[in-house]
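Below is one structure, written out as structure tokens; the observations come after it.
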Amino acid sequence: MDAPDTASMEAIEKERAQEVKKERAQLFPLLLSSDHPPAFTENSEPAKWLSNPSFTFDVSAVPAVIPAPFPITSPLENSDEEDAEAPKKPSYEPVPLPSSSESERPSERKEKGRRRKRKREKGRESLGQESSRKSGVRAWIGSETKPSKDYYFDVHGDRDNLAFGCLYRMDIARYKLQYHSDLSEFDFELLCHRRYSVSSMDIDHDLDVLDTKLKGGGRYYSVKFTTLERHKGFKHVKIAVKKSSLIPGEYIPLVELRTSTENGRNELNADVELEESWEDELLRRTRELNKMSRDFPHDEKVWLAFAEFQDKVANTQPQKSARLQTLEKKISILEKAVELNPDNEELLLCLLKSYQQRETTDSLMEKWEKVIVRHFDSVMLWKEFLFVRHGEYSKFKVSDVRKTYGHAIQALSSACNNLCRQDYKGYNLKSNRSSLVPLELGLVDIFINLCRFEWQTGHRELATGLFQAEIEYSLFCPSLLLSSHSKQKLFEHFWNSNGARFGEDGALGWSTWLEKEEETKKEAISEEMVEESEGGWSGWSDAFSNEPAAKKEISEEHLDVDNTEDNPDNEFIPLSDDVETLLKKLGIDVDADPHTEIKDTMTWKKWSQEELSRDSVQWMPIRENSGNCGSFTSAYLEYDMDRNEQLSRVILFEDVNQYLFSLCSNEARYSLVSQFVEFFGAKISRWTCTNNASWMEKVLSLETLEDSISEDLRVISNVCASVEHPVPSVLESLLGSNTDIFRSTSTVMFLRNAILLCLSVFPRNHILEDALITVEELVFNQKSTSSSSIKPSRALAKSLLKKDRQDLLLCGVYARSEAAYGNIDVARKIFDMALSSANGLPKELTEHIPILYIWYAEMEMAACKSSSSGGEFVQRALHILSCLGGNLKYSPFTTKTSGLDILRARQGFKEQVKNLRSAWAHGDVKESSVALIRTASLFEVLTTGCSAGIQIMEEAFSMALPERRSHNLQLESLWMHYLATLQQYVKQLKFPKVWEVVTQSLRMYPYNPKSYSTLVQVSSFFTARHKIRQLFDEYMQRKPSVIVWLSALAFELGKQGAEHRVHGLFEKALANDKLQKSALLWRCYLAYETDIACNPSAARRTFFRAIHACPWSKRLWLDGFQKLSSVMSAKELSDLQEVMRDKEIHLRTDIYEILLQDDMGV
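In our numbering, each residue's number is its place in the sequence shown (first place is 1) plus 588.
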């Protein structure tokens, strides 16, 4: 700055100082006067009211308004001069007192002043006691009292916050953003001058002393600024400061230098990026999507992105009318897309979901039916249509949904038959098979969903009968070229006969039964021909010789009716009229309104318990000519009730004929059998990848926890509770045990017979053989309670091996079962025998030999962990793996493996893994190749270390394409083994690497419960729990599923103070359109409210929401009867039962049976 400018600035400052002096002299012109001498002496004390701080306020600190043209120097330069020129505090004359006060003596005035002072001090003390602040704490800046400590912790809180509903404004710091880049040079200097000159007047003081402009501006958290922040029309500014590199030797400036711009303003050295506003983004994005939809009209991703953008727009619109307009726009976009792409299922599905938000139920169903008729061969559309039919509570009836399932199965079955006929004629075999397999797999999934629907609505005999009929029809059909109509006629003959059906004792299969029946007929015809050829005239026979016997049978049918009054032995088998009379004698009026009869809610609770017990027993269909239907507790109702119950449990051919279909592919047949075995509770290996739609649909339709899911939830609960020994999880205890239904003797025997029969269709299938061995152990445990070292399934395994001695994997299954029972030596003999005999077998039989090797080696490693001295076990495992890697002829273990054999085995494993590269690149990943990778990895772990073994699996994953990696069952099993290995050696590895693999597992397999159990186990060593919650929340948003919510609930349940978190998880899950139809989540929520939260009113609301969302779940209805009998009246429970009957939920128990049991003391 030049010298003249400096002189002018100093002159201006002097003028300002003189003006301030004049203003101060004129503040109290009446009291401050030099002509009137003071009325008090120097020793006299001035009046107390003159000690008010407001009279000593430094007004010079208030900045005066300065005209714009005059520049201002920096306040730092003239601060000393201002302090020197600051005037002294003026003195004031006392105000003359009135005449009344002059008569009072000075002593009296002093006494009154002391009294008032004591009152004020007492008021302050009482106020301090009532206040929630700490006493002696300097609450405000500028207080004269200095605290003993520099800071305090206010643990009591401020009660005024509760009284006024918010924080006190003076307790919150004030922030106001100042963008230096938008200030001119004068404004910037003025801002700096104010910052330094207004130090005595703090802006954090009470708003009453501030100007109206600042008072009306509001705080940064006020509604005004919040609204402005959320305003979509405003643009946001990003300031990215450039960090210029400093040359060595230069100084670091305290303030960033300003650079002059073209308009003459000084700005900071920063990049200012102006973001587009929401209005600009809306226009730009709409313009782009319109252009892309015109340029690429057949690209479904463009249209789906356009529709998704309309959802984003609707979320920003608070008015309902605006959202409806946006919905109309979205529907018009999708209608145009469907018009251009009429066969695209994704676009059709998105359009129908949009219709669901606008149309009524009837109109929506009409639109669905039109689409389904046009696309009858689409599995995806049929599944979504059935999902919509399930959820419509007002239109829900079991018979209507069952009819829709029948239409879906018939339509998809006809599509499959067309493809099979083309395949049979030889037209484009490869393309037909590629489209036939997924179509048949989808048809099997819909059939399984039908059986689960019938099971959950209480029609369990029908569900079992459907399984029996379909497996017989598709797996055991005769090898005859028959039309569909002729095939059903022939199957009707089998179904109505006395032949044992699938799963029953003595069942042979439809084809075998038909062959035996033909042989029986031929034998009968040959015997008749022999009799005719041998004999001659045999004389006349009386045509009415058998008439008395027939009459006797007819009379015996009506014996109970005709001889009831005469025969005293039949007095306990009364007629229906006598039953009504008996009920009236017991005080029950049959003709009366049922609502008025039952007034005790415990009666309804007993009824629900009886209904559950009968459901667990009565699941097997009975024959029409079978009289053994069980007996009820009351002998009086045996005649009438037993006959009706028997008829309802008979499954006729007319009940199953419209749901029968043929299967051509082995993949679909195996899927049907494996899902059947899993449906009835047997432990079987996973039959599909967890990213497959069929797995997600199955989990969504569950109403009880499966064993495969329960194991992982139990692991999560035990880790969170720090329990060493496994205990049932909280979710298992809430939902109750499921073993009463699927572990009964009849169910286990049914499964045993069914799997044995299926092995004739799928020979040498080690998965079914393993399931059969497990079921056989359950049969033995239920029949025998003695503890013995003899394996219960040994006889079954030996009998199966006698039929097929070349089944090597059956030997492995048998050996593993013996090892699990503690017979390690017997298991070793079986493995050694199987591996020794594999040398002379053909190649197709030894293809799965790596599976046998890995089973044997893992058995030895498991025994090593349970033993104190594990050296011998490790050497045995190393010998087994060396034989496979070195392509050596297997021999039982005798001595330690030499170093040369180890080197030969390592090189052999490298070559064998390298040979898998081409097959894996084309997606041909078999279980034997996965077993080979596992053996090579275990070999490196034993010889080199865990890092080398893990590297083998990582190299194997790189051989497969990423998109195939997440949808292949075998690769998923290898990844889960990879996770287990990392978890085993987690303390020897670096945690960031382990954590990266765990998070990658969540990204690849977000529907696998093992991913979440491993996450909790690994993070328990290194990570805080809030990070796990963040991951759970992230995948609830990205990949919502029942699995992630059950895992999160297992992680939270049982913890102190997690009630709000658990409620939030339930509500967030059930707000999802898909998960809202999960009966399992609703049952968990209801059980939590009643058993843990102990909130009956909330449980009542939850129950009504649950039955509205899942009206087909009988178990959910009965949970309401059992858990809410204390908060619901008997009339409400009676009305619920009537609604169940209206929805056609199958009920097996009449309420009058419970009343009779109570009256009879049963």
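Glycine included, every Cβ here is placed at the ideal spot set by N, Cα and C.
Range of the contiguous alpha helix (DSSP H) that encloses residue i
i       : result
Ala925  : 908-928
Trp1207 : It is not in any alpha helix (DSSP H) - Trp1207 carries neither H nor E in the DSSP assignment.
Met1541 : 1534-1547
Leu1429 : Run containing Leu1429: none; DSSP gives neither H nor E here.
Ala1646 : It is not in any alpha helix (DSSP H) - Ala1646 carries neither H nor E in the DSSP assignment.
Ala1281 : 1281-1288
Pro1580 : 1579-1592
Lys1062 : It should be pointed out that residue 1062 corresponds to Ser in this sequence rather than to Lys. Segment 1048-1063, the alpha helix (DSSP H) holding Ser1062.
Leu1240 : Element bounds for Leu1240: n/a, residue is neither H nor E.
His1081 : 1072-1083
Asn903  : 888-903
Ala1451 : 1437-1454
Rounded C-alpha distance that separates residue i from residue j
i       : j       : result
Leu1339 : His1565 : 29 Å
Val1238 : Glu957  : 33 Å
Ser987  : Gly1537 : 57 Å
Gln1644 : Gln1710 : 27 Å
Ala1359 : Arg1416 : 21 Å
Phe1350 : Leu1063 : 10 Å
Arg1736 : Leu1235 : 12 Å
His1467 : Phe1481 : 7 Å
Ala1507 : Lys1109 : 53 Å
Pro1550 : Thr1611 : 29 Å
Arg1069 : Val976  : Just to set this straight, residue 1069 is Leu in the shown sequence, not Arg. Roughly 39 Å separates the two Cα atoms.
Ile921  : Gln913  : 12 Å
Ile1442 : Ser1424 : 15 Å
Ser720  : Phe1639 : For Ser720, the predicted model reports a pLDDT of 47, less than 50, meaning its position is unreliable and no value from the coordinates is stated.
Glu916  : Glu888  : 19 Å
Arg1505 : Ser1289 : 39 Å
Lys1477 : Phe1620 : 50 Å
Ala1385 : Arg1404 : 12 Å
Pro906  : Asp868  : 19 Å
Asp1746 : Glu1111 : 59 Å
Ser909  : Ser1685 : 35 Å
His1555 : Asn1280 : 7 Å
Val1574 : Ser1535 : 11 Å
Among the options, nearest to residue i - alpha-carbon criterion
i       : options                            : result
Ala893  : Thr904, Pro906, Lys879, Leu1669    : Lys879
Asp1395 : Ile1036, His1436, Ala1687          : His1436
Tyr1409 : Leu871, Met1592, Ser1381, Arg1688  : Ser1381
Phe1055 : Val1244, Gln944, Gly1400           : Val1244
Pro874  : Gly1053, Phe897, Lys1662           : A small correction: the amino acid at residue 874 is Thr; Pro does not occupy that position in the sequence shown. Minimum Cα distance to Thr874 is reached at Phe897.
Phe1241 : Asp1093, Gly1428, Leu1050          : Leu1050
Leu1704 : Trp1670, Met1716, Leu1000          : Trp1670
Asn1006 : Lys991, Ser1023, Ala996            : Ser1023
Lys924  : Arg882, Lys900, Gln945             : Arg882
Lys937  : Thr948, Ile919, Met1337, Asp950    : It should be pointed out that residue 937 corresponds to Leu in this sequence rather than to Lys. Taking only the C-alpha atoms, the option nearest Leu937 is Ile919.
Lys941  : Lys955, Asp931, Asn929, Pro930     : Lys955
Arg1494 : Gly1473, Leu1674, Glu1294, Ser1722 : Gly1473
Val1501 : Arg1492, Ile1521, Leu1567, Ser1516 : Ile1521
Met1337 : Pro1316, Ile1355, Gly1269, Cys1277 : Gly1269
Leu1674 : Thr1278, Glu1291, Arg990           : Glu1291
Tyr1623 : His1648, Ser1259, Lys1656, Leu1641 : Lys1656
9 Å Cβ cutoff, residue i in contact with chain C
i       : result
Ile1739 : The structure shown contains no chain C; it holds only a single protein chain.
Evaluate contact between the stretch 1518-1528 and the stretch 1437-1447, counting only Cβ atoms and requiring at least three cross-stretch pairs below 8 Å.
-> Short answer: they touch.
Where in the stretch 1336-1417 do unbroken runs of the alpha helix (DSSP H), each at least 4 residues long, occur, reported from the N-terminal end onward?
-> With a minimum length of 4 residues, the continuous alpha helix (DSSP H) runs that stay inside the stretch 1336-1417 are 1354-1371, 1382-1391, 1396-1408.
Which runs of the alpha helix (DSSP H) spanning at least 4 residues fall entirely within the stretch 937-1022, listed in chain order?
-> You should have 949-962, 967-979, 986-1013.
Are the stretch 1028-1039 and the stretch 1726-1746 touching, with three or more C-beta to C-beta distances below 8 Å?
-> By the Cβ test, the stretch 1028-1039 is not in contact with the stretch 1726-1746, since fewer than three Cβ pairs between them sit closer than 8 Å.
Would you say the stretch 1246-1253 touches the stretch 994-1006, given that touching needs at least three Cβ pairs under 8 Å?
-> The stretch 994-1006 and the stretch 1246-1253 touch, with three or more beta-carbon pairs separated by less than 8 Å.
Just checking, does the stretch 1426-1436 make contact with the stretch 1450-1470 on the three C-beta pairs under 8 Å criterion?
-> The stretch 1426-1436 is not in contact with the stretch 1450-1470.
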